[in-house]
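One structure below.
Number of protein chains: 2
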Amino acid sequence: MTVSKTSEKPAEAARGRKDAAEGASEALQLGELSEQLGYVLKRAQLKVFENFLRCMASLQLTPAQFSVLLLVEKNPGRNQTEVASTLGILRPNFVALLDNLESRDLCARIRSTNDRRSHILVLTDKGKAVLARAKKLVATKHEARLNELLGPANRAALLEMLSKIANEF
Amino acid sequence: MTVSKTSEKPAEAARGRKDAAEGASEALQLGELSEQLGYVLKRAQLKVFENFLRCMASLQLTPAQFSVLLLVEKNPGRNQTEVASTLGILRPNFVALLDNLESRDLCARIRSTNDRRSHILVLTDKGKAVLARAKKLVATKHEARLNELLGPANRAALLEMLSKIANEF
DNA sequence: CGATATTTGATATGGTTCATAACAATTATC
DNA sequence: GATAATTGTTATGAACCATATCAAATATCG
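Protein chains in written order, with the numbering used here: chain L, 1 to 169; chain U, 170 to 338.
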């Protein structure tokens, strides 16, 4: 982990007021830390989530909520267990997440007629509309920033390597 | 968000017993999700941390603890504020982390003579020895797995891109 | 059919991580 | 020398993650 969100700008906040005065204690050497995959990965992930939240501020969607809307749109009619486990979310924790989306009228639970235990998930019209706007924001503000920073080819390569790690590590 | 640790194997657990029976409800389509940087990044990060913990099981070191040891070894004589903020850890949260390392005799707090407010951090002999063993474990078990999966060139490219994101996003 | 086991959504609960406010001791500022 | 700022610390709350358990509904199998 090693990193926080709004808190400290890692290498920045290290050298404080002292610098102006006398000793000017220099910045710390990261050393082997900057070669540690986990360290860099975590840092990058926090930055990306931070940026995502800023881009989505107007829609008030977290990465988790966005991923649920995306998945339900692509797979309407699936139940909570299926959607949650596909996202790696535990069913108990998925309940509050859904409560939130449902209370905002973005998503609806419908009792299944086949299996009256399960709740079928679908996006409401508002949910579809909000998701459409969210996609545009992500594309133009968030993912575009990536292309700008890495270039399309590198961006694709990065995604592929991360997928490989996520699936085969 | 989106993913858990020991819990669910995302795409795996989705299709449960039903498959054997009749309808065999198929796996969900990830769709645009697999193109979302944040989603893939988070997944990869969880996998990497999980693997790190397994590799370090014999030494009982978390990624955060390992990063502290690495940083203190490279920068002996710095105080808590400097080390914590370099790692992006808030000072209040750094206290318990240090308490742990100190109670295991891996690291020591020494009252500074210049500024009697601050605690100078150093590794104990045991701390140095444990860190040396940890480095070997990480190199041979953890990072080696990466080279095996991506190849050295790709591994380097990945690290560089992640650093860029972490620093410039 | 009918007893038993399983699945689904939900609740309660505890652990871990992250963030803020406040405090005493010490030092810096002016 | 009075006031402000810094250091380590405590207390505390929010958010996220994980486990056990429950009632309702369904599946399984004798």
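We treat Cβ as the ideally placed atom computed from N, Cα and C, and that holds for glycine.
Inset, instruction - Please determine, among U/327, U/321, U/253, U/272, the residue with the shortest C-alpha to C-alpha distance to residue 293 of chain U. - result: Minimum Cα distance to residue 293 of chain U is reached at U/272.
Legend entry - C-beta contact flag for residue 37 of chain L and residue 315 of chain U at 9 Å: Cβ distance < 9 Å, so residue 37 of chain L and residue 315 of chain U count as in contact.
Inset, instruction - Report yes or no: is there a C-beta of chain L within less than 9 Å of the C-beta of residue 288 of chain U? - result: Residue 288 of chain U has a beta carbon lying at 9 Å or more from every beta carbon in chain L.
Legend entry - Local conformation of residue 145 of chain L per DSSP, three classes: Note: residue 145 of chain L maps to helix in three-state DSSP.
Legend entry - Pick from L/84, L/140, L/29 that is closest to residue 118 of chain L, judged by C-alpha positions: Checked all of L/84, L/140, L/29; the closest Cα to residue 118 of chain L is L/84.
Inset, instruction - Please name the residue, chosen from U/306, U/317, U/312, U/335, that lies closest to residue 228 of chain U on a Cα-to-Cα basis. - result: Among U/306, U/317, U/312, U/335, the Cα nearest to that of residue 228 of chain U is on U/306.
Inset, instruction - Assign residue 92 of chain L to buried or exposed, taking buried as 16 or more other Cβ atoms, counted over all protein chains shown, within 10 Å of its Cβ. - result: Exposed.
Inset, instruction - Count the other CB atoms, across all protein chains shown, that sit within 10 Å of the CB of residue 282 of chain U; report buried if there are 16 or more and exposed otherwise. - result: Burial call: exposed.
Inset, instruction - Kindly indicate which three-state DSSP category residue 27 of chain L falls into: helix, strand or coil? - result: Reduced to three states, the DSSP call for residue 27 of chain L is coil.
Inset, instruction - Given a cut-off of 9 Å, decide if residue 121 of chain L and residue 107 of chain L are closer than it, judged by their beta-carbon atoms. - result: A contact, by the Cβ cut-off of 9 Å.
Legend entry - Close-in-space but distant-in-sequence residues of the same chain around residue 141 of chain L (CB under 7 Å, 5 per side omitted): Contacts found: 55.
Legend entry - Helix, strand or coil at residue 190 of chain U according to DSSP, with G and I counted as helix: Because the pLDDT at residue 190 of chain U is just 42, under 50, the model does not fix this residue reliably, and the value given afterwards should be weighed accordingly. In the structure shown, residue 190 of chain U sits in coil (DSSP, three-state: anything other than H, G, I, E or B).
Legend entry - Under 9 Å from the C-beta of residue 218 of chain U: neighbouring residues of chain L: Correct list: 1, 38, 41, 42.
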